[in-house]
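In our numbering, the protein residues as written are 1365 to 1714.
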(Lines of atoms letter the chains of each structure in order from A and count residues from 1; the text may use other names and numbers.)
(Lines give C-alpha, C1' and ligand atoms only; values in the text may rest on other atoms or scores of the structure.)
Protein backbone atom coordinates (compact mmCIF):
# COMPACT_ATOMS: atom_id res chain seq x y z
CA UNK A 1 0.00 0.00 0.00
CA UNK A 2 1.20 3.51 -0.87
CA UNK A 3 -0.11 6.92 0.17
CA UNK A 4 0.50 10.01 -1.94
CA UNK A 5 -0.24 13.46 -0.56
CA UNK A 6 -1.88 16.09 -2.70
CA UNK A 7 -0.87 19.36 -1.11
CA UNK A 8 -2.53 22.76 -1.28
CA UNK A 9 -5.14 24.71 0.62
CA UNK A 10 -7.15 21.51 1.23
CA UNK A 11 -4.58 18.68 1.33
CA UNK A 12 -5.65 15.04 1.11
CA UNK A 13 -4.20 11.58 0.64
CA UNK A 14 -4.54 9.16 -2.26
CA UNK A 15 -4.23 5.61 -0.95
CA UNK A 16 -3.23 3.00 -3.54
CA UNK A 17 -3.16 -0.75 -3.05
CA UNK A 18 -5.19 -3.96 -3.01
CA UNK A 19 -8.13 -3.88 -0.62
CA UNK A 20 -7.85 -0.20 0.33
CA UNK A 21 -11.54 0.45 -0.47
CA UNK A 22 -12.29 -1.07 2.95
CA UNK A 23 -10.59 1.95 4.54
CA UNK A 24 -13.22 4.42 3.31
CA UNK A 25 -14.88 4.69 6.72
CA UNK A 26 -11.66 6.14 8.13
CA UNK A 27 -12.63 9.39 6.38
CA UNK A 28 -16.40 9.49 6.92
CA UNK A 29 -16.56 10.63 10.57
CA UNK A 30 -19.00 13.44 11.28
CA UNK A 31 -21.43 12.57 8.50
CA UNK A 32 -24.83 11.09 9.27
CA UNK A 33 -25.81 10.67 5.62
CA UNK A 34 -23.72 9.41 2.71
CA UNK A 35 -24.75 9.81 -0.91
CA UNK A 36 -23.18 6.86 -2.74
CA UNK A 37 -23.16 7.90 -6.39
CA UNK A 38 -22.22 4.91 -8.49
CA UNK A 39 -22.34 3.49 -11.98
CA UNK A 40 -23.38 -0.06 -12.91
CA UNK A 41 -20.45 -1.46 -10.96
CA UNK A 42 -19.94 -5.18 -10.26
CA UNK A 43 -22.49 -5.96 -7.54
CA UNK A 44 -20.09 -7.59 -5.03
CA UNK A 45 -17.78 -4.54 -4.95
CA UNK A 46 -20.66 -2.09 -4.68
CA UNK A 47 -22.42 -4.12 -1.99
CA UNK A 48 -19.19 -4.35 0.04
CA UNK A 49 -18.68 -0.58 -0.09
CA UNK A 50 -22.29 0.10 0.86
CA UNK A 51 -22.23 -2.40 3.73
CA UNK A 52 -19.02 -0.84 5.10
CA UNK A 53 -20.69 2.55 5.22
CA UNK A 54 -23.87 1.20 6.83
CA UNK A 55 -21.87 -0.73 9.42
CA UNK A 56 -20.12 2.52 10.34
CA UNK A 57 -23.51 4.01 11.23
CA UNK A 58 -24.23 6.05 8.10
CA UNK A 59 -27.59 6.43 6.39
CA UNK A 60 -26.67 5.53 2.82
CA UNK A 61 -28.56 6.85 -0.20
CA UNK A 62 -27.33 4.86 -3.21
CA UNK A 63 -27.79 6.73 -6.49
CA UNK A 64 -27.09 4.74 -9.63
CA UNK A 65 -26.17 6.80 -12.69
CA UNK A 66 -25.56 5.75 -16.32
CA UNK A 67 -22.25 4.33 -17.46
CA UNK A 68 -19.60 6.48 -19.12
CA UNK A 69 -19.96 10.04 -20.35
CA UNK A 70 -23.75 9.82 -20.43
CA UNK A 71 -23.60 10.17 -16.63
CA UNK A 72 -22.17 13.67 -16.96
CA UNK A 73 -25.30 15.58 -17.89
CA UNK A 74 -27.37 18.29 -16.26
CA UNK A 75 -30.35 15.93 -16.13
CA UNK A 76 -28.40 13.30 -14.19
CA UNK A 77 -26.91 15.90 -11.85
CA UNK A 78 -30.39 17.29 -11.29
CA UNK A 79 -31.71 13.86 -10.32
CA UNK A 80 -28.87 13.52 -7.81
CA UNK A 81 -29.68 16.93 -6.28
CA UNK A 82 -33.36 16.02 -5.96
CA UNK A 83 -32.53 12.78 -4.14
CA UNK A 84 -30.12 14.56 -1.80
CA UNK A 85 -32.84 17.10 -1.02
CA UNK A 86 -35.55 14.53 -0.43
CA UNK A 87 -33.24 12.63 1.93
CA UNK A 88 -32.34 15.70 3.97
CA UNK A 89 -28.64 16.04 3.13
CA UNK A 90 -26.93 18.84 5.04
CA UNK A 91 -23.49 20.44 4.88
CA UNK A 92 -22.11 17.95 7.40
CA UNK A 93 -23.02 15.00 5.16
CA UNK A 94 -20.88 13.70 2.31
CA UNK A 95 -20.81 12.28 -1.19
CA UNK A 96 -18.89 9.16 -2.20
CA UNK A 97 -18.12 8.74 -5.90
CA UNK A 98 -17.79 5.00 -6.61
CA UNK A 99 -17.08 4.22 -10.25
CA UNK A 100 -15.06 5.18 -13.28
CA UNK A 101 -13.79 8.61 -14.21
CA UNK A 102 -17.14 9.86 -15.49
CA UNK A 103 -18.86 8.86 -12.25
CA UNK A 104 -16.26 10.60 -10.04
CA UNK A 105 -16.45 13.69 -12.29
CA UNK A 106 -20.22 13.78 -11.79
CA UNK A 107 -20.08 12.97 -8.07
CA UNK A 108 -17.54 15.74 -7.58
CA UNK A 109 -19.74 18.23 -9.44
CA UNK A 110 -22.75 17.25 -7.34
CA UNK A 111 -20.69 17.58 -4.15
CA UNK A 112 -19.30 20.96 -5.25
CA UNK A 113 -22.74 22.38 -5.99
CA UNK A 114 -24.96 20.88 -3.29
CA UNK A 115 -25.32 23.55 -0.57
CA UNK A 116 -22.32 25.25 -2.26
CA UNK A 117 -20.05 22.40 -1.33
CA UNK A 118 -20.03 19.23 0.79
CA UNK A 119 -17.29 16.69 1.45
CA UNK A 120 -16.38 14.24 -1.28
CA UNK A 121 -14.58 10.90 -1.15
CA UNK A 122 -13.60 9.26 -4.42
CA UNK A 123 -13.38 5.49 -4.80
CA UNK A 124 -12.36 4.98 -8.45
CA UNK A 125 -13.04 1.53 -9.88
CA UNK A 126 -11.19 1.93 -13.20
CA UNK A 127 -7.59 2.60 -14.12
CA UNK A 128 -8.57 5.89 -15.76
CA UNK A 129 -10.33 7.00 -12.60
CA UNK A 130 -7.42 6.04 -10.36
CA UNK A 131 -4.67 7.85 -12.23
CA UNK A 132 -6.64 10.82 -13.54
CA UNK A 133 -10.27 11.73 -12.93
CA UNK A 134 -10.54 10.96 -9.20
CA UNK A 135 -7.41 12.91 -8.30
CA UNK A 136 -6.96 16.66 -8.58
CA UNK A 137 -10.29 18.25 -7.71
CA UNK A 138 -11.62 18.89 -11.22
CA UNK A 139 -15.32 18.16 -11.46
CA UNK A 140 -17.53 18.61 -14.50
CA UNK A 141 -20.48 17.72 -16.66
CA UNK A 142 -20.75 17.88 -20.45
CA UNK A 143 -22.92 20.17 -22.54
CA UNK A 144 -23.72 20.28 -26.25
CA UNK A 145 -20.86 22.70 -26.90
CA UNK A 146 -18.25 20.28 -25.58
CA UNK A 147 -16.84 18.07 -22.88
CA UNK A 148 -16.24 19.24 -19.30
CA UNK A 149 -17.24 22.83 -20.04
CA UNK A 150 -19.42 23.18 -16.92
CA UNK A 151 -17.72 22.36 -13.65
CA UNK A 152 -15.96 23.44 -10.49
CA UNK A 153 -12.70 22.86 -8.65
CA UNK A 154 -13.62 20.81 -5.58
CA UNK A 155 -10.83 18.66 -4.07
CA UNK A 156 -11.90 15.41 -2.43
CA UNK A 157 -11.30 14.73 1.25
CA UNK A 158 -9.65 11.41 0.29
CA UNK A 159 -9.17 9.02 -2.61
CA UNK A 160 -8.99 5.23 -2.27
CA UNK A 161 -7.62 3.44 -5.36
CA UNK A 162 -8.23 -0.25 -4.74
CA UNK A 163 -6.13 -2.22 -7.22
CA UNK A 164 -8.23 -5.36 -6.67
CA UNK A 165 -11.05 -3.65 -8.55
CA UNK A 166 -8.92 -3.69 -11.70
CA UNK A 167 -8.93 -7.50 -11.80
CA UNK A 168 -12.41 -7.59 -13.34
CA UNK A 169 -12.07 -4.49 -15.51
CA UNK A 170 -12.70 -5.24 -19.22
CA UNK A 171 -9.46 -5.23 -21.19
CA UNK A 172 -10.54 -2.41 -23.53
CA UNK A 173 -11.36 -0.20 -20.56
CA UNK A 174 -8.05 -1.04 -18.92
CA UNK A 175 -6.17 -0.08 -22.10
CA UNK A 176 -8.09 3.19 -22.22
CA UNK A 177 -6.85 4.01 -18.73
CA UNK A 178 -3.29 3.24 -19.74
CA UNK A 179 -3.42 6.27 -22.05
CA UNK A 180 -3.42 8.57 -19.01
CA UNK A 181 -0.55 6.55 -17.53
CA UNK A 182 1.64 6.86 -20.63
CA UNK A 183 0.76 10.58 -20.77
CA UNK A 184 2.38 10.99 -17.35
CA UNK A 185 5.46 9.29 -18.73
CA UNK A 186 5.71 11.64 -21.70
CA UNK A 187 5.23 14.84 -19.67
CA UNK A 188 7.11 14.03 -16.46
CA UNK A 189 8.32 10.50 -15.67
CA UNK A 190 10.25 8.67 -18.42
CA UNK A 191 10.53 5.52 -16.29
CA UNK A 192 6.82 4.98 -16.96
CA UNK A 193 7.66 4.78 -20.67
CA UNK A 194 10.37 2.21 -19.99
CA UNK A 195 8.02 0.09 -17.88
CA UNK A 196 5.36 0.15 -20.61
CA UNK A 197 7.90 -0.61 -23.32
CA UNK A 198 8.85 -3.73 -21.32
CA UNK A 199 5.20 -4.75 -20.86
CA UNK A 200 2.77 -2.78 -23.06
CA UNK A 201 -0.19 -4.47 -21.30
CA UNK A 202 0.67 -2.55 -18.14
CA UNK A 203 -0.33 -5.52 -16.00
CA UNK A 204 3.05 -6.77 -14.81
CA UNK A 205 4.07 -3.48 -13.17
CA UNK A 206 0.52 -2.30 -12.50
CA UNK A 207 1.03 -1.09 -8.93
CA UNK A 208 4.16 0.89 -9.75
CA UNK A 209 2.56 2.41 -12.84
CA UNK A 210 -0.49 3.57 -10.88
CA UNK A 211 1.61 5.00 -8.05
CA UNK A 212 3.96 6.81 -10.45
CA UNK A 213 1.10 8.28 -12.47
CA UNK A 214 -0.68 9.47 -9.32
CA UNK A 215 2.56 11.02 -8.06
CA UNK A 216 2.93 12.98 -11.30
CA UNK A 217 -0.59 14.32 -11.04
CA UNK A 218 -0.34 15.01 -7.31
CA UNK A 219 2.89 16.97 -7.74
CA UNK A 220 1.44 19.13 -10.50
CA UNK A 221 -1.92 19.70 -8.82
CA UNK A 222 -0.24 20.60 -5.53
CA UNK A 223 1.35 23.56 -7.30
CA UNK A 224 -1.66 24.58 -9.38
CA UNK A 225 -5.16 23.51 -8.39
CA UNK A 226 -7.12 25.83 -10.68
CA UNK A 227 -5.37 25.40 -14.03
CA UNK A 228 -3.73 28.82 -13.84
CA UNK A 229 -0.35 27.63 -15.01
CA UNK A 230 1.57 24.37 -14.73
CA UNK A 231 -1.51 22.16 -14.43
CA UNK A 232 -2.15 22.71 -18.13
CA UNK A 233 0.56 20.14 -18.90
CA UNK A 234 -1.82 17.42 -17.67
CA UNK A 235 -3.90 18.19 -20.76
CA UNK A 236 -1.26 16.75 -23.08
CA UNK A 237 -3.14 15.20 -25.99
CA UNK A 238 -6.47 16.48 -24.70
CA UNK A 239 -7.17 19.42 -27.02
CA UNK A 240 -7.60 17.19 -30.05
CA UNK A 241 -8.65 14.25 -27.86
CA UNK A 242 -11.68 15.99 -26.38
CA UNK A 243 -12.69 17.17 -29.85
CA UNK A 244 -12.57 13.59 -31.14
CA UNK A 245 -14.67 12.40 -28.20
CA UNK A 246 -17.29 15.10 -28.79
CA UNK A 247 -17.38 14.55 -32.56
CA UNK A 248 -17.92 10.82 -32.04
CA UNK A 249 -20.77 11.34 -29.59
CA UNK A 250 -18.46 9.73 -27.00
CA UNK A 251 -18.39 6.43 -28.86
CA UNK A 252 -14.59 6.85 -28.92
CA UNK A 253 -13.33 6.34 -25.37
CA UNK A 254 -11.35 9.02 -23.55
CA UNK A 255 -8.17 6.95 -23.59
CA UNK A 256 -8.46 6.18 -27.28
CA UNK A 257 -9.08 9.83 -28.10
CA UNK A 258 -6.18 11.24 -26.10
CA UNK A 259 -3.89 8.54 -27.51
CA UNK A 260 -4.56 10.01 -30.95
CA UNK A 261 -4.24 13.47 -29.43
CA UNK A 262 -0.78 12.72 -28.04
CA UNK A 263 0.46 11.44 -31.39
CA UNK A 264 -0.91 14.64 -32.95
CA UNK A 265 0.74 16.84 -30.30
CA UNK A 266 4.06 15.11 -30.89
CA UNK A 267 3.82 15.66 -34.65
CA UNK A 268 2.78 19.28 -34.10
CA UNK A 269 5.85 19.83 -31.94
CA UNK A 270 8.00 18.20 -34.63
CA UNK A 271 6.58 20.43 -37.35
CA UNK A 272 7.15 23.43 -35.07
CA UNK A 273 10.82 22.48 -34.75
CA UNK A 274 10.53 21.73 -31.03
CA UNK A 275 10.66 17.93 -30.85
CA UNK A 276 13.03 15.60 -32.66
CA UNK A 277 11.74 12.98 -35.06
CA UNK A 278 12.79 10.07 -32.82
CA UNK A 279 10.86 11.31 -29.78
CA UNK A 280 7.81 12.05 -31.92
CA UNK A 281 8.00 8.58 -33.42
CA UNK A 282 8.30 7.05 -29.96
CA UNK A 283 4.74 8.21 -29.27
CA UNK A 284 3.28 6.29 -32.18
CA UNK A 285 5.41 3.22 -31.55
CA UNK A 286 4.64 2.87 -27.83
CA UNK A 287 0.97 3.83 -27.99
CA UNK A 288 0.42 1.39 -30.86
CA UNK A 289 2.20 -1.40 -28.91
CA UNK A 290 -0.22 -0.73 -26.03
CA UNK A 291 -3.12 -1.50 -28.35
CA UNK A 292 -4.36 2.08 -28.55
CA UNK A 293 -5.18 3.97 -31.77
CA UNK A 294 -2.78 6.40 -33.45
CA UNK A 295 -4.80 7.41 -36.51
CA UNK A 296 -7.99 9.39 -37.09
CA UNK A 297 -10.34 9.64 -40.07
CA UNK A 298 -12.57 12.52 -38.87
CA UNK A 299 -12.10 15.58 -41.14
CA UNK A 300 -9.99 18.26 -39.45
CA UNK A 301 -12.63 20.83 -40.42
CA UNK A 302 -15.08 19.04 -38.11
CA UNK A 303 -12.66 19.08 -35.20
CA UNK A 304 -11.32 22.64 -35.35
CA UNK A 305 -14.53 24.29 -34.04
CA UNK A 306 -14.54 21.87 -31.12
CA UNK A 307 -10.89 22.59 -30.36
CA UNK A 308 -11.64 26.32 -30.29
CA UNK A 309 -13.89 25.87 -27.24
CA UNK A 310 -11.16 23.94 -25.42
CA UNK A 311 -10.50 25.32 -21.94
CA UNK A 312 -6.90 26.19 -22.86
CA UNK A 313 -7.97 28.36 -25.81
CA UNK A 314 -7.70 32.11 -25.36
CA UNK A 315 -10.07 34.13 -27.51
CA UNK A 316 -9.73 32.89 -31.08
CA UNK A 317 -6.26 31.41 -30.47
CA UNK A 318 -5.62 27.72 -30.15
CA UNK A 319 -3.07 26.64 -27.55
CA UNK A 320 -1.56 23.17 -27.34
CA UNK A 321 0.51 21.34 -24.75
CA UNK A 322 3.56 20.03 -26.62
CA UNK A 323 6.99 18.65 -25.75
CA UNK A 324 10.44 20.08 -26.34
CA UNK A 325 11.79 16.71 -25.22
CA UNK A 326 10.49 13.77 -23.21
CA UNK A 327 9.44 15.17 -19.81
CA UNK A 328 9.87 18.78 -21.00
CA UNK A 329 6.35 20.07 -21.73
CA UNK A 330 5.42 23.59 -22.76
CA UNK A 331 2.55 25.52 -24.33
CA UNK A 332 2.54 26.22 -28.07
CA UNK A 333 0.56 29.40 -28.69
CA UNK A 334 -1.46 29.96 -31.86
CA UNK A 335 0.39 27.64 -34.28
CA UNK A 336 -0.13 28.42 -37.95
CA UNK A 337 -3.03 26.56 -39.52
CA UNK A 338 -0.75 24.94 -42.10
CA UNK A 339 1.29 23.49 -39.21
CA UNK A 340 -1.86 22.03 -37.63
CA UNK A 341 -2.87 20.61 -41.02
CA UNK A 342 0.55 19.02 -41.51
CA UNK A 343 0.49 17.41 -38.06
CA UNK A 344 -3.06 16.18 -38.59
CA UNK A 345 -2.13 14.69 -41.98
CA UNK A 346 0.27 12.43 -40.11
CA UNK A 347 -2.76 10.90 -38.35
CA UNK A 348 -4.68 9.95 -41.48
CA UNK A 349 -4.84 6.20 -42.12
CA UNK A 350 -2.51 5.01 -44.85
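C-beta atoms are modelled at their ideal positions from N, C-alpha and C, and glycine is treated no differently. Every value quoted in this text rests on a predicted model; they were computed, and no experiment measured them.
Relative to the alpha-carbon of residue i, which residue among the options has its alpha-carbon at the smallest distance?
i, options, result
"residue 1392", "1540, 1536, 1404 and 1413", "1413"
"residue 1422", "1645, 1533, 1491 and 1398", "1398"
"residue 1505", "1521, 1662 and 1467", "1467"
"residue 1689", "1490, 1645, 1569 and 1370", "1645"
"residue 1540", "1432, 1638 and 1559", "1432"
"residue 1636", "1669, 1475, 1691 and 1697", "1697"
"residue 1358", "1416, 1404 and 1365", "Only positions 1365 to 1714 of the chain appear in the structure, and residue 1358 is not among them; the question remains open."
"residue 1648", "1668, 1532, 1583 and 1624", "1624"
"residue 1607", "1403, 1385, 1562 and 1684", "1684"
"residue 1370", "1471, 1666 and 1589", "1589"
"residue 1473", "1490, 1520, 1545 and 1510", "1520"
"residue 1595", "1544, 1460, 1500 and 1558", "1500"
"residue 1451", "1426, 1436 and 1465", "1426"
"residue 1482", "1534, 1459 and 1631", "1459"
"residue 1373", "1404, 1396 and 1518", "1518"
"residue 1634", "1686, 1691 and 1477", "1686"
"residue 1659", "1681, 1631 and 1641", "1631"
"residue 1508", "1439, 1478, 1375 and 1463", "1439"
"residue 1437", "1469, 1448, 1565 and 1454", "1469"
"residue 1682", "1699, 1400, 1585 and 1465", "1699"
"residue 1388", "1591, 1556 and 1486", "1486"
"residue 1598", "1480, 1712 and 1495", "1495"
"residue 1463", "1544, 1537 and 1366", "1537"
"residue 1532", "1672, 1408 and 1671", "1408"
"residue 1665", "1694, 1704, 1650 and 1640", "1704"
"residue 1708", "1628, 1471 and 1668", "1628"
"residue 1668", "1614, 1465 and 1610", "1610"
"residue 1593", "1694, 1475 and 1429", "1694"
"residue 1691", "1615, 1672, 1556 and 1706", "1556"
"residue 1428", "1401, 1395 and 1586", "1401"
"residue 1561", "1475, 1455, 1622 and 1650", "1650"
Can you have a look at residue i and say buried or exposed, based on whether 16 or more other CB atoms are within 10 angstroms of its CB?
i, result
"residue 1552", "buried"
"residue 1419", "exposed"
"residue 1497", "buried"
"residue 1411", "exposed"
"residue 1567", "exposed"
"residue 1579", "buried"
"residue 1528", "exposed"
"residue 1488", "buried"
"residue 1405", "buried"
"residue 1618", "buried"
"residue 1490", "buried"
"residue 1702", "exposed"
"residue 1642", "exposed"
"residue 1493", "buried"
"residue 1542", "buried"
"residue 1712", "exposed"
"residue 1559", "buried"
"residue 1386", "exposed"
"residue 1477", "buried"
"residue 1544", "buried"
"residue 1564", "buried"
"residue 1615", "exposed"
"residue 1587", "exposed"
Please report the residue range of the beta strand (DSSP E) in which residue i lies.
i, result
"residue 1687", "1683-1689"
"residue 1378", "1376-1381"
"residue 1693", "1692-1697"
"residue 1367", "1366-1370"
The alpha helix (DSSP H) that contains residue i, what's its start and end?
i, result
"residue 1701", "1701-1709"
"residue 1741", "Residue 1741 lies beyond the stretch modelled for the chain, which goes from 1365 to 1714, so this question has no answer here."
"residue 1537", "1535-1551"
"residue 1666", "1664-1671"
"residue 1616", "Element bounds for residue 1616: n/a, residue is neither H nor E."
"residue 1645", "1641-1653"
"residue 1560", "1554-1562"
"residue 1596", "Per DSSP, residue 1596 belongs to no alpha helix (DSSP H) and is neither H nor E."
"residue 1391", "Note, residue 1391: premise wrong, no alpha helix (DSSP H); not H, not E."
"residue 1603", "1602-1611"
Given the structure, does residue i come close to the ligand NAP, in the sense that its CB is under 6 Å from one of the ligand's heavy atoms?
i, result
"residue 1541", "The ligand NAP is absent from the structure shown, which contains no ligand whatsoever."
Review point. Are the stretch 1516-1524 and the stretch 1598-1617 touching by the rule of at least three beta carbon pairs closer than 8 Å?
Key: Short answer: they don't touch.
Review point. Is the stretch 1548-1562 in contact with the stretch 1503-1517, if contact means three or more CB pairs nearer than 8 Å?
Key: Put simply, the stretch 1548-1562 does not touch the stretch 1503-1517. Fewer than three CB pairs are less than 8 Å apart.
**Study point:** Touch test, the stretch 1431-1448 against the stretch 1378-1391, Cβ-Cβ under 8 Å, three pairs minimum
**Key:** Between the stretch 1431-1448 and the stretch 1378-1391, the count of C-beta pairs closer than 8 Å stays below three; the two stretches do not touch.
Practice item. Any chance you could list the alpha helix (DSSP H) runs of at least 4 consecutive residues sitting entirely within the stretch 1396-1422, in chain order? Key: The DSSP assignment places complete alpha helix (DSSP H) segments of no fewer than 4 residues inside the stretch 1396-1422 at 1407-1419, in order along the chain.
Check your understanding: Three or more C-beta pairs closer than 8 Å, one from the stretch 1568-1576 and one from the stretch 1648-1658: is that the case here?
Key -> Output reads no: the stretch 1648-1658 does not touch the stretch 1568-1576.
Check your understanding: Going along the chain, which unbroken runs of the alpha helix (DSSP H) with 4 or more residues stay wholly within the stretch 1428-1483?
Key -> If only uninterrupted alpha helix (DSSP H) runs of at least 4 residues are considered, those enclosed by the stretch 1428-1483 are 1438-1450 and 1465-1477.
Review point. Whole beta strand (DSSP E) runs in the stretch 1485-1532 with 3 or more residues, listed along the chain?
Key: Runs of the beta strand (DSSP E) lying entirely within the stretch 1485-1532, each at least 3 residues long, are 1502-1507, 1510-1517 and 1522-1526 in chain order.
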